[in-house]
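2 protein chains.
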Amino acid sequence: MEKPAHDHLDALNTVRGGMPRDELLCDLADLFKIFGDTTRMKILFSLFEAELCVHEITALLGMTQSAISHQLKVLKDAHLIDNRREGKTMIYFLADDHVRSIIGQGFEHITEEEYPHEKDF
Amino acid sequence: MEKPAHDHLDALNTVRGGMPRDELLCDLADLFKIFGDTTRMKILFSLFEAELCVHEITALLGMTQSAISHQLKVLKDAHLIDNRREGKTMIYFLADDHVRSIIGQGFEHITEEEYPHEKDF
DNA sequence: CTTTCATATGATTCTATGTTCATATATTAT
DNA sequence: ATAATATATGAACATAGAATCATATGAAAG
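Chains A and B, in that order, are what the protein sequence lines are.
This note's numbering numbers the first residue of the first sequence as 1051 and each following residue consecutively.
This note's numbering numbers the first residue of the second sequence as 1051 and each following residue consecutively.
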């Protein structure tokens, strides 16, 4: 009896071990979901450069104040950004440097990897 | 005339420079969107450990073959995974190590950062 | 305390997307 | 050629989520 080209049972057992529990996988997906929106991505890139108030972000992105506020809430709930009040205005800023690293990795994937096109040979 | 607490014009100008063009921001968001789903996250984690055929992934995740195939297509279109045929079966595997790095960064954010709860003092 | 300026939020709407169902394609065996 | 197995795919459906609109909250000025 020859070894099959692809051993199903073996592969399955190998994999079950390294799989994190469902809750963690869900949390991970939820985190990445936050980065999966152009508006939020723009907000984060803006905050890479400087602390900004809501009005400034609204102006920068050319969107309504409401839309921005809603997304700022999403980002804050995910602990990616934080804020402090200064009189009437609310200043937002990056919560930590994980944000930069995560986006940096994604950036590398889409730039560095300019896949060879089929017609290129 | 005193310097205001928060200089709007200055901040805006600082930011406009570092902002990548819209298309790139959109591509970035689209990439992260791929990671923002539990099913796809599970598939990727599975492929961390071993190359797998569709039937195996289907069994591992306890989902329908169709659902898995659809998601495999999404992952492949994003160049996160690739596949090769072995007879009747199709073997899927990770395309490169960007996947590991990106997920790794996300992992750090949600684990390492166990935010201090308000009631903790 | 009323007004104004800055931001937050609830409800609604509209679109995007994950799953299912049915069916198509591809490979191998009979 | 037909059947069986493995995977892919189009259409329909259901839900999630992003933007909008109207309105609420909060701080400061008059």
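Ideal Cβ placement from N, Cα and C applies to all residues, glycine included.
Note that the coordinates shown come from a computational prediction; the quantities given were computed from them, not determined experimentally.
Review point. With 16 other CB atoms within 10 Å as the buried threshold, where does Q1121 of chain B fall?
Key: In the second sequence, the residue the question calls residue 1121 of chain B occupies position 71. Buried: at least 16 other Cβ atoms inside 10 Å.
Practice item. Report the residue ranges of all alpha helix (DSSP H) runs contained in full by the segment 1108-1143 of chain A; include only those spanning at least 4 residues, in chain order. Key: Those alpha helix (DSSP H) runs which fall completely within the segment 1108-1143 of chain A and span 4+ residues are 1115-1127.
Practice item. Leaving out five residues on either side along the sequence, give the residues of the same chain with a beta carbon under 7 Å from the beta carbon of P1054 of chain A. Key: Here residue 1054 of chain A corresponds to residue number 4 of the first sequence, with the count starting at 1. Any reading at P1054 of chain A must be qualified, since the residue scores a pLDDT of 47, below 50, and its modelled position is unreliable; the value itself is stated next. Once the five neighbours on either side are set aside, P1054 of chain A has no close Cβ partner at all.
Check your understanding: Using 8 Å as the Cβ pair cut-off and three pairs as the minimum, do the segment 1099-1106 of chain B and the segment 1141-1149 of chain B touch?
Key -> Counting Cβ pairs under 8 Å, three or more are found: they touch.
**Study point:** Burial state of Q1172 of chain A (16 or more Cβ within 10 Å)
**Key:** This structure gives no information on residue 1172 of chain A, because the portion of chain A shown stretches from 1051 to 1171.
Review point. Does the count of Cβ pairs from the segment 1068-1085 of chain B and the segment 1079-1098 of chain A closer than 8 Å reach three?
Key: Segments in contact, yes.
Check your understanding: Using a Cβ cut-off of 8 Å, which residues of the segment 1101-1129 of chain A contact any Cβ in chain B, in chain order?
Key -> Residues E1101, L1102, C1103, H1105, E1106, A1109, L1110, H1129.
Practice item. Answer yes or no: does any C-beta atom of chain B fall closer than 8 Å to that of D1132 of chain A? Key: As a working mapping, residue 1132 of chain A is identified with position 82 in the first sequence. No, its Cβ sits nowhere closer than 8 Å to a Cβ of chain B.
Exercise for review: Could you tell me whether any Cβ in chain A is nearer than 8 Å to the Cβ of K1083 of chain B?
Suggested key: Against the second sequence, residue 1083 of chain B aligns to sequence position 33. Yes, K1083 of chain B lies at the interface with chain A (some Cβ there is under 8 Å from its Cβ).
**Study point:** Proximal residues to R1135 of chain A (C-beta, below 8 Å), its chain only, five neighbours per side dropped
**Key:** Working through the first sequence from its first residue, we reach residue 1135 of chain A at position 85. Cβ neighbours of R1135 of chain A beyond the five flanking positions: I1141.
Check your understanding: How long is the line joining the alpha carbons of L1062 of chain A and T1088 of chain B, rounded to whole angstroms?
Key -> Reading the first sequence from its first residue, position 12 is the one you call residue 1062 of chain A. Reading the second sequence from its first residue, position 38 is the one you call residue 1088 of chain B. Distance between the alpha carbons of L1062 of chain A and T1088 of chain B: 19 Å.
Check your understanding: In the DSSP assignment, what residue or residues form a beta bridge with L1102 of chain B?
Key -> What you label residue 1102 of chain B is simply residue 52 of the second sequence in a count that begins at 1. Beta-bridge analysis with DSSP links L1102 of chain B to B:Y1142.
Check your understanding: Which class does R1071 of chain A belong to by DSSP, given the choice of helix, strand or coil?
Key -> For the purposes of this step, residue 1071 of chain A is taken as residue 21 along the first sequence, with counting starting at 1. If DSSP states are grouped into helix, strand and coil, R1071 of chain A belongs with coil.
**Study point:** Local Cβ density within 10 Å of S1096 of chain B, reported as buried at 16 or more and exposed below that
**Key:** Here residue 1096 of chain B corresponds to residue number 46 of the second sequence, with the count starting at 1. Buried.
Check your understanding: Among B:C1076, B:E1073, B:A1145, which has the Cα closest to the Cα of L1130 of chain B?
Key -> As a working mapping, residue 1130 of chain B is identified with position 80 in the second sequence. A check of alpha carbon separations from L1130 of chain B across B:C1076, B:E1073, B:A1145 identifies B:A1145 as the nearest.
Exercise for review: Flag this pair as yes or no: are the beta carbons of E1099 of chain B and T1108 of chain A separated by less than 8 Å?
Suggested key: Taking the second sequence and counting its residues from 1, the one referred to as residue 1099 of chain B is at position 49. Taking the first sequence and counting its residues from 1, the one referred to as residue 1108 of chain A is at position 58. No; because the gap between Cβ atoms is not below 8 Å, this pair is not in contact.
Point to revise | Spatial neighbours of K1092 of chain B in its chain, beta-carbon cut-off 8 Å, leaving aside the 5 residues before and after | key: Reading the second sequence from its first residue, position 42 is the one you call residue 1092 of chain B. In its chain, beyond the 5 residues on either side, L1110, L1111 have a beta carbon closer than 8 Å to the beta carbon of K1092 of chain B.
Exercise for review: Look at the Cβ atom of H1148 of chain A, then the Cβ atom of I1152 of chain B, and state whether they are nearer than 8 Å.
Suggested key: The residue you call residue 1148 of chain A lines up with position 98 of the first sequence. The residue you call residue 1152 of chain B lines up with position 102 of the second sequence. No, Cβ-Cβ distance for H1148 of chain A and I1152 of chain B is not below 8 Å.
Review point. Around the Cβ of G1068 of chain B, are there at least 16 other Cβ atoms within 10 angstroms (buried) or fewer (exposed)?
Key: On the second sequence, residue 1068 of chain B is found 18 positions in, with the first residue counted as 1. When all chains shown are included, G1068 of chain B counts as exposed.
Review point. Straight-line CA distance for R1071 of chain B to D1072 of chain A?
Key: Residue numbering aside, residue 1071 of chain B sits at position 21 when the second sequence is read from its first letter. Residue numbering aside, residue 1072 of chain A sits at position 22 when the first sequence is read from its first letter. R1071 of chain B and D1072 of chain A: Cα-Cα distance of roughly 37 Å.
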